[in-house]
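Input: a single structure, listed below in structure tokens.
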């Protein structure tokens, strides 16, 4: 894909070539290229887009990139862009903007748009309420298919989706769903009530956005109805918004997993300072935790002075402990994320992982025993073998149990990432090692 | 969610209670509960489901669970289940079954079903060809809206989706798309050619399934047309299949990231032996790589004997190197996965990460200098400070560059995970440490 020129054209300020290039390039590619530029460059590229194309590209950008664009444009273009976003996308953009700008923009929206946006902004940040679309077409059960189609023709153009059609009773309570597809193939005189499915997936506005998005994925829905506490319909979560939520959540999990705070912008759009900030706190916390290893070794310093050879195996042993712990925690964190295991499975998981740890430790012990015995003698061979089995078992159990325990006390399990497990099992691993060594070598 | 009883009811063999319970429970929950049971238990629970409900639950299961169910059922029920799956889901199930069973089942399918399934099975395993649905409704550009709707009524009931409608020319070449929504609101006399969008996203059958699925997500599509090398339509990738692909790919990335082979079944369905197998090879490779640290320390054993205190900081230093490397590699791997960076960005990334590494190293050096100086003297303080800056910078650069280089030589970047980075930077980190120590302490 030879798309590099866009970046270069912007930097060279070649407006004519840039205009031609941007008009030729698919919207998604333009959005992708723009997200690789920094603030002022993005605005430059944006100015040369035609008004309609500009909106399409704007919709395809992340909120943080959208903000960069807004910063660089004149007021009336800003309003045009903001006004034409779907209400739920607008709320996400407003989350990123300074409060002052939001107030200004809200004032300029039409009363209907303002009401819908304000409504969504009232829900907690990670709830599905924030992400649902208040633009949908709902039907009464008593309607005939013919009347329903007429209604869809009248209202459907503005609604974000009309493929999934919620069916309501006289109190606006959700009692079923049907689809445009069923209406098309049905006899025009059929009542909606006879056509709808009553076994409906639905969530309330305060449902966690990730849970709602997962339900859309698992059940293969096009739109998931969102209801209030009295089961009255207030919006729908569309499949494209659900996919976006899952991507954001997965990016967050990956970041936590690598031991750093999630970046809320594309990687290249974050400065070196920004990256350092996202990682610095974690590194600092981890190095403070690692100070415990210094204390442990200080405690065994006499033993080390007697047999310096013991120091040679420290990195290998703590790496192995960290790795087997990281393996177990990754597997459990992922299984929790996709809903395969829950807290009640803890005893079962610990028992399984204990056996896995013993198996893995025994395998490593066999692999290491002969070379170590040949070079440093059988005593060292036994020290290493016993230490490996013990450390692997302990690390595997800890790695599997900690994410579940973290969730129990309300911490995101993804926080118990490889670096955290490594640091935690290091100190304990060293204690195990020295106790085994002291016993076997008779120190 | 009090759903535990299903497991218990199956184990107790209480068929009456189980039948009542399963009839009451939503399909997705039943599927979830079944995937937590082992082989024979799954089949027991499955037998008591009604025929229609059984199909719905079967569709919601993973292919590996589906296989367990098939193993435990009588032949005609098996055929009923297999016959009623969508062709693309059937192909995925067949991938998991022994070849003998596949041949047997294929023979029993209707000729039309067999042709579609056989067609899909001809594409490479990770291609979108395997996952597309050959059941779609396509329209000619010359058709009127009225005729198109009549055609959809006739054909649409069996097609997997009719919300996105590909438009073809006289040679079956894809020239546009339209949606049921546009047809509904349009004047019945309008030609499809005047209604369709010609700026169409499409992929060829050999496109990587993950790229195709990402395109569905980025562009917010309900179905992505899949064409052959001459742009003739052969199928569509629906949004629910795209979401499933992304979930599988993300689970794989997570597994690699934790340093183990992906499990192709739900976590609880894998035995302790299976888990050990998925992790054992990696652990073994990593411990062999870690043997390098033993060699490095052996090389500096005299220095260690002179100043045993140096050993105290080994775990802390290699942990910090591993952590900063893991942070950088996670960020870059994720940015690559979502298409934010590419190989050409390597110099830019290395330069950014080098600055990040220096910043982080400097911060840690400041934090560590004073306590180390107070306890072990200023010489040790300087050794630690200089080592931390150097190790952080080196680990950050290596962590960021290695995923890109891995991709360059055709290895999945996700393989360059935290455990791999840790092991790689450990040996080099120790060399840096001892060289700095020898210089400053004058050994």
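Protein chains in written order, with this note's numbering: chain A, 1443 to 1885; chain B, 1443 to 1885. Yeah, the Cβ is synthetic: ideal placement off N, Cα and C, and Gly gets one too.
For the stretch 1482-1533 of chain B, not one full-length beta strand (DSSP E) segment reaches 3 residues or more. In this structure, residue 1742 of chain B sits near residue 1876 of chain B, with a CB-CB distance shorter than 8 Å. Taking 8 Å as the upper bound for CB-CB distance, residue 1579 of chain B and residue 1604 of chain B are in contact here, some 5 Å apart.
By the rule that beta-carbons nearer than 8 Å mark a contact, residue 1785 of chain A does not touch chain B.
Annotation: Cβ neighbours of residue 1765 of chain B in chain A (cutoff 7 Å, chain order): 1701, 1725, 1728, 1861. Using a CB distance cut-off of 8 Å, residue 1576 of chain A does not count as an interface residue toward chain B. In the DSSP assignment, residue 1634 of chain A falls within the unbroken alpha helix (DSSP H) covering 1634-1637. Not a single C-beta of chain B is nearer than 8 Å to the C-beta of residue 1519 of chain A. Neighbourhood of residue 1755 of chain B in chain A, by CB distance below 9 Å: 1735, 1736, 1739, in chain order. If you draw a 10 Å sphere on the C-beta of residue 1718 of chain A, you find 16 or more other C-beta atoms in it, and that means buried. As the crow flies, the alpha-carbon of residue 1584 of chain B is around 50 Å from that of residue 1566 of chain A. Straight-line spacing of the CA atoms in residue 1639 of chain B and residue 1553 of chain B works out to 35 Å. Judged by DSSP in its simplified three-state form, residue 1575 of chain B adopts strand. In this model, residue 1845 of chain B and residue 1686 of chain B are separated by some 25 Å (Cα to Cα).
The DSSP-derived three-state label of residue 1619 of chain A is strand.
Per DSSP, residue 1667 of chain A is one residue of the beta strand (DSSP E) stretching across 1665-1669. Using beta-carbon distances, residue 1875 of chain B does not count as an interface residue toward chain A, since no partner is under 8 Å. Interface with chain B (8 Å Cβ-Cβ cutoff): residue 1487 of chain A is excluded.
Judged by beta-carbon spacing, residue 1773 of chain B lies beyond the 8 Å limit of residue 1860 of chain B, meaning their Cβ atoms are not closer than that value.
With the rule of 3 Cβ pairs closer than 8 Å, the stretch 1866-1876 of chain A does not count as touching the stretch 1790-1801 of chain A. 8 Å or more divides the Cβ of residue 1697 of chain B from the Cβ of residue 1708 of chain B. For residue 1815 of chain A, the enclosing alpha helix (DSSP H) stretches over residues 1788-1818. Taking 8 Å as the upper bound for CB-CB distance, residue 1803 of chain B and residue 1785 of chain B are not in contact here, some 27 Å apart. In the three-state reduction of the DSSP assignment, residue 1821 of chain A falls in the helix class, which pools H, G and I. Around residue 1837 of chain A, the same chain offers 1763, 1766, 1767, 1867 as residues with beta carbons nearer than 6 Å, after the five sequence neighbours per side are excluded. When 8 Å is used as the limit between beta carbons, residue 1822 of chain A is near no residue of chain B, the shortest such separation being about 11 Å. Taking 8 Å as the threshold, the shortest C-beta distance from residue 1696 of chain B to chain A falls below it. Just measuring C-alpha positions, the residue of A:1595, A:1619, A:1596, A:1582 sitting nearest residue 1613 of chain A is A:1582. Contacts between residue 1771 of chain A and chain B, judged by CB atoms closer than 8 Å, involve 1700 in chain order.
For residue 1871 of chain B, the enclosing alpha helix (DSSP H) begins and ends at 1860-1883.
For residue 1761 of chain A, the three-state secondary structure derived from DSSP is helix. Comparing alpha-carbon positions, the option among A:1756, A:1805, A:1746, A:1819 lying closest to residue 1880 of chain A turns out to be A:1746. About 6 Å separates the Cβ atoms of residue 1576 of chain A and residue 1561 of chain A, confirming a contact at the 8 Å cut-off. CA-to-CA, the gap between residue 1827 of chain A and residue 1706 of chain A works out to about 45 Å.
In the DSSP annotation of this structure, residue 1716 of chain B is not part of any beta strand (DSSP E); the continuous alpha helix (DSSP H) holding it starts and ends at 1714-1741. Counting C-beta pairs with one atom in each stretch, the stretch 1673-1692 of chain A and the stretch 1644-1652 of chain A have three or more that are closer than 8 Å, which means they touch.
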